[in-house]
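Add 24 to the 1-based position in the sequence shown for the working numbering, that's all there is to it. C-beta: ideal position from N, C-alpha, C; glycine also.
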Amino acid sequence: MNVTVFGGANPLPGTPAYAEAELLGRLLAQSGHTVLTGGYIGTMEAASKGAAEAGGHVIGVTCAEIETWRGVKANPWVKEEWRCQTLDERLLRLLDGCQAAIALPGGVGTLVEIALLWNRMLIQAAPTRPLILVGAGWQKTIQTFLETHDGYVTEAHQRLVQFTANVEEAINLLNGKKPDHKGTK
């Protein structure tokens, strides 16, 4: 499968967040999956590095708008670059190019990616696929949203999002193994 990895641009090499993303990339590649990322720094770089060093294929979805704003180019572990002009095009390529998505901690951009994929699946504008959010932060964020907007998201639509505590559980869930805890909805 092509698996898109969402996550923040802030994690630096040597930090726990970077190591977690690198592990995710490695585990995805070892499971035979292709890794898609936004192609740049932070989580994207770490997941790309982990996958590439494990012999996996890495696709980086990049865009001129990000490069102009941030002044970066694709990270060195990207094996195939999908160039876009705009952030909107880039988001759609990340979503339409995958059969599953895993979100690590991140900021507003990561939240947008999660929400857009979730909404596109719920209105059937995109095929249903695994959308796995890693970490207590995402579970708390989504739970708070659902509780404070009671009745706006049906149970069936809530089931389109799954939660895991760590990347190992995310890989097990993606590969069809049941997690050992109650973090999955």
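- Count the other CB atoms within 10 Å of the CB of residue 79; is the residue buried (16 or more) or exposed (fewer)? As a working mapping, residue 79 is identified with position 55 in the sequence shown. The residue is exposed, with fewer than 16 neighbouring Cβ atoms inside 10 Å.
- Item | Assumed close pair residue 152, residue 184 - CB separation to whole angstroms, cut-off 8 Å | Within the sequence shown, the letter at position 128 stands for residue 152. Within the sequence shown, the letter at position 160 stands for residue 184. Contact flag correct, Cβ pair sits at about 7 Å.
- On the premise that residue 46 lies in contact with residue 74, defined as a C-beta separation below 8 Å, what is that separation, rounded to the nearest angstrom? For the purposes of this step, residue 74 is taken as residue 50 along the sequence shown, with counting starting at 1. For the purposes of this step, residue 46 is taken as residue 22 along the sequence shown, with counting starting at 1. With 8 Å as the limit, residue 74 and residue 46 qualify as a contact, their Cβ atoms being about 4 Å apart.
- CA-CA distance, residue 167 and residue 177? Locating residue 167 in the sequence shown gives position 143, where the first residue counts as 1. Locating residue 177 in the sequence shown gives position 153, where the first residue counts as 1. Taking the straight line joining both Cα atoms gives about 11 Å.
- Message: Out of 29, 54, 108, which one is the CA nearest neighbour of residue 69?
- Response: In the sequence shown, counting from the first residue as 1, residue 69 sits at position 45. For residue 69, the closest alpha carbon among the candidates 29, 54, 108 is that of 29.
- Endpoints, alpha helix (DSSP H) assigned at residue 199: Looking up residue 199 in the sequence shown gives position 175. Element bounds for residue 199: n/a, residue is neither H nor E.
- Under three-state DSSP, which class holds residue 148? To locate residue 148, count along the sequence shown from 1; it is residue 124. Three-state DSSP puts residue 148 in coil, outside helix and strand.
- Message: Contact defined as beta carbons within less than 8 Å: I believe residue 60 pairs with residue 83. What is the distance between those atoms, to the nearest angstrom?
- Response: Residue mapping note: residue 60 aligns to position 36 of the sequence shown, counting from 1. Residue mapping note: residue 83 aligns to position 59 of the sequence shown, counting from 1. Right, the Cβ-Cβ distance comes to about 5 Å (below 8 Å), so this counts as a contact.
- Query: My guess is that residue 31 and residue 127 are in contact by the Cβ rule of under 8 Å, so how many angstroms apart are they, rounded?
  - Reply: One-based indexing of the sequence shown puts residue 31 at position 7. One-based indexing of the sequence shown puts residue 127 at position 103. Confirmed, about 7 Å.
- Mind checking whether residue 161 and residue 190 have CB atoms under 9 Å apart? Taking the first residue of the sequence shown as position 1, residue 161 is located at position 137. Taking the first residue of the sequence shown as position 1, residue 190 is located at position 166. No.
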